[in-house]
Amino acid sequence: MKHFRHELWFNTPSRRAFVNSTPQVEEALRDSGVREGLCLVNAMHITASVFINDDEGGLHEDYEEWLEKLAPHEPIKRYRHNRTGEDNGDAHLKRQVMGREVVVAVTEGRLDFGPWEQIFYGEFDGRRRKCVLVKIIGE
Amino acid sequence: MKHFRHELWFNTPSRRAFVNSTPQVEEALRDSGVREGLCLVNAMHITASVFINDDEGGLHEDYEEWLEKLAPHEPIKRYRHNRTGEDNGDAHLKRQVMGREVVVAVTEGRLDFGPWEQIFYGEFDGRRRKCVLVKIIGE
Amino acid sequence: MKHFRHELWFNTPSRRAFVNSTPQVEEALRDSGVREGLCLVNAMHITASVFINDDEGGLHEDYEEWLEKLAPHEPIKRYRHNRTGEDNGDAHLKRQVMGREVVVAVTEGRLDFGPWEQIFYGEFDGRRRKCVLVKIIGE
């Protein structure tokens, strides 16, 4: 069994952002030499998500608006978590809706994707360096 | 390490539907010959979900009503994504709540399930052919 | 390829609870002898979740309040599922928001975690014994 580990780093200039990370994951897969197996991609920080959906700007604005309605950023004091001095209580909730991780099949050396599947990093408390882990196992 | 890939195809007659796909995944597992490992089942389309829950009709109606409240289908122009000519903006949101994929343990040649776990295909923009991927690795 | 299976059991005294289960998963990983691979942790019951987030009491109260707003427990008859004699319709919805499972990378014999990642059991219909499955594959 082969195994491969790679870190992707992000530092988004805004509090919230969606970043298409598919090319970096594909590059990690090539470096791994794995032809058949599973590829885990997960946020290592708990106010960020990794998810798969469409690379369409309007949709990302819809997600932003929808998540803000489900778990508003303000008022800051709305969240007990923010009593610790943080202002990211909402980000911990948004991340649960969008998910921590994706597991992607690897087939014949490629991410085994449907026609529009793309891997996104979802940032809900940005403006600092955060890490995504890529772990690939297989043969 | 063994690996096995299988596609399940769906074409639901209604826009939204939940389809119990456990028998097809079990059949794929038998065909794979894997006795110990992991089984990934994921929607390959981004307006559909794969999730695990109860095979109970009332619950599925509850899901339908709840998701429609969280992300209403109409008005169509509510979603920026629909400016592309689509009418499925809501489906991209519903799919995030219900999830893209499940990973199931394989133990002694069987899906290692609790008493009521069943695998569902969740369709949120149906009336066309869509694919679910089953990828099994192990030994 | 090595494989390892372990069950964690919970019986929370309240209907809803979040229990940090990281030490038990780490112990299972040590027992497995796996140094590189993937670790699946999933609720085997469909009114419970396994998720990764922060071990901070205020945040857990925020989750509790937020989930109760998204899918209120009462009135019981609000949910068609409860016509079966159950009163846990809400728990099936809450579990979808928080998720069934996590997949964690195993690197050099350890859960490959970011600085604040902790594995939680999320109970939404407690006061009875329920099981979480840990399945580890790798080498």
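So the protein lines, in turn, are chains A, B and C. My numbering numbers the first residue of the first sequence as -1 and each following residue consecutively. My numbering numbers the first residue of the second sequence as -1 and each following residue consecutively. My numbering numbers the first residue of the third sequence as -1 and each following residue consecutively. For glycine and all other residues, C-beta sits at the position ideal for the given N, C-alpha and C. Fair warning: this is a prediction, and the values are worked out from it, not measured in the lab.
query = Hey, quick one: how far does the beta strand (DSSP E) through residue 167 (chain C) stretch, first residue to last?
reply = It is not possible to answer for residue 167 (chain C), since the shown part of chain C is limited to -1 through 137.
task = Look up residue 117 (chain A) in the DSSP assignment and give the residues it is bridged to.
result = BP columns for residue 117 (chain A) point to A:50.
Residue 107 (chain B): CB within 6 Å of a non-hydrogen atom of the ligand COA = By its list of ligands, the structure shown contains no ligand whatsoever, and the ligand COA lies outside what it can speak to.
key: Residue span of the beta strand (DSSP E) that contains residue 106 (chain A), given as start and end   = Per DSSP, residue 106 (chain A) is not a residue of any beta strand (DSSP E), being assigned neither H nor E.
The segment 77 to 108 of chain B: positions lying closer than 9 Å to chain C by Cβ = For the segment 77 to 108 of chain B, which is checked against every Cβ of chain C, the residues closer than 9 Å are 95, 96, 97, 100, 101, 102, 103, 104, 105.
request  = Let me know if residue 9 (chain C) comes out buried or exposed under the rule of 16 or more other beta-carbons within 10 Å of its beta-carbon.
outcome  = Here residue 9 (chain C) is exposed: its Cβ has fewer than 16 other Cβ atoms, across all protein chains shown, within 10 Å.
task = Consider the Cβ of residue 29 (chain C): report whether some Cβ of chain A lies at a distance smaller than 7 Å.
result = Chain A places no beta carbon closer than 7 Å to that of residue 29 (chain C), leaving this residue out of the contacts.
task = Determine whether the Cβ of residue 0 (chain B) lies closer than 7 Å to any Cβ atom of chain A.
result = With 7 Å as the cut-off, residue 0 (chain B) does not count as an interface residue toward chain A.
inquiry  = Looking at chain A, is there any beta carbon in it that lies within less than 7 Å of the beta carbon of residue 120 (chain C)?
reply    = Closer than 7 Å to the CB of residue 120 (chain C) there is not a single CB belonging to chain A.
inquiry  = So for residue 69 (chain C), helix, strand or coil by DSSP?
reply    = Looking at residue 69 (chain C) - three-state DSSP - the assignment turns out to be coil, as it is neither helix nor strand.
ask   = Since residue 37 (chain A) meets chain C, which of its residues come closer than 7 Å, beta carbon to beta carbon?
value = Neighbours of residue 37 (chain A) on chain C: none; closest Cβ ~10 Å, over 7 Å.
inquiry  = My output table needs one value for residue 34 (chain B): the three-state DSSP class, helix, strand or coil.
reply    = Of the three classes helix, strand and coil, the one that applies to residue 34 (chain B) here is coil, per DSSP.
ask   = Among residues of its own chain, excluding the 5 on either side of residue 26 (chain A), which ones have a beta-carbon nearer than 6 Å to its beta-carbon?
value = Closer than 6 Å at the Cβ level, and outside the excluded window around residue 26 (chain A), lie 4, 132.
message = To the nearest angstrom, how far is the alpha carbon of residue 87 (chain C) from that of residue 99 (chain C)?
response = Cα to Cα, the separation comes out at about 20 Å.
request  = Note down, in chain order, each residue of its chain lying with its Cβ closer than 7 Å to the Cβ of residue 15 (chain C), except the 5 sequence neighbours on either side.
outcome  = Setting aside the 5 residues that flank it on each side, residue 15 (chain C) is surrounded in the same chain by 121, 124, each with a C-beta closer than 7 Å to its C-beta; the list follows chain order.
inquiry  = Taking the beta carbon of residue 74 (chain B) as the centre, do at least 16 other beta carbons fall within 10 Å, making it buried, or is it exposed?
reply    = Burial call: exposed.
task = Identify every residue that forms a DSSP beta bridge with residue 5 (chain C).
result = Partner(s): C:131.
inquiry  = Between the alpha carbons of residue 69 (chain B) and residue 106 (chain C), how many angstroms are there, rounded?
reply    = For residue 69 (chain B) and residue 106 (chain C), the gap between their C-alpha atoms comes out near 43 Å.
query = Can the beta-carbon of residue 2 (chain C) be found less than 7 Å from the beta-carbon of residue 134 (chain C)?
reply = Taking a C-beta distance under 7 Å as the contact criterion, residue 2 (chain C) and residue 134 (chain C) qualify as a contact pair.
inquiry  = Would residue 43 (chain C) pass as an interface residue toward chain B - the criterion being a Cβ-Cβ separation below 7 Å?
reply    = At least one C-beta of chain B is nearer than 7 Å to the C-beta of residue 43 (chain C).
message = Below 8 Å on the Cβ atoms is my contact criterion, and I expect residue 6 (chain C) with residue 103 (chain C) to pass it. Report the Cβ-Cβ distance as a whole number of Å.
response = At roughly 20 Å, the Cβ-Cβ gap does not stay under 8 Å, so residue 6 (chain C) and residue 103 (chain C) are not in contact.
inquiry  = Please confirm whether residue 62 (chain A) has its beta-carbon closer than 7 Å to some beta-carbon of chain B.
reply    = Interface criterion not met: the Cβ of residue 62 (chain A) is under 7 Å from no Cβ in chain B.
task = With DSSP collapsed to three states, give me the class of residue 84 (chain C).
result = Annotated three-state conformation of residue 84 (chain C) is coil, per DSSP.
key: Beta-bridge partners of residue 99 (chain C), as assigned by DSSP   = Beta-bridge pairing links residue 99 (chain C) to C:40.
From C:126, C:45, C:118, residue whose alpha carbon lies closest to that of residue 24 (chain C) = Across the set C:126, C:45, C:118, the C-alpha of C:118 shows the shortest separation from the C-alpha of residue 24 (chain C).
CB contact flag (residue 56 (chain A), residue 78 (chain B), <7 Å) = A contact, by the Cβ cut-off of 7 Å.
request  = Consider the Cβ of residue 52 (chain C): report whether some Cβ of chain A lies at a distance smaller than 7 Å.
outcome  = So, interface residue.
ask   = Closer than 7 Å, CB to CB, is residue 131 (chain B) near chain A or not?
value = Interface residue, yes.
key: Which residues DSSP lists as bridging residue 23 (chain A), in chain order   = In the DSSP secondary-structure assignment, residue 23 (chain A) is not bridged to any residue.
message = Among the candidates A:47, A:33, A:71, whose CA atom is the shortest distance from the CA of residue 128 (chain A)?
response = If you compare the alpha carbons of A:47, A:33, A:71 with that of residue 128 (chain A), the shortest gap goes to A:47.
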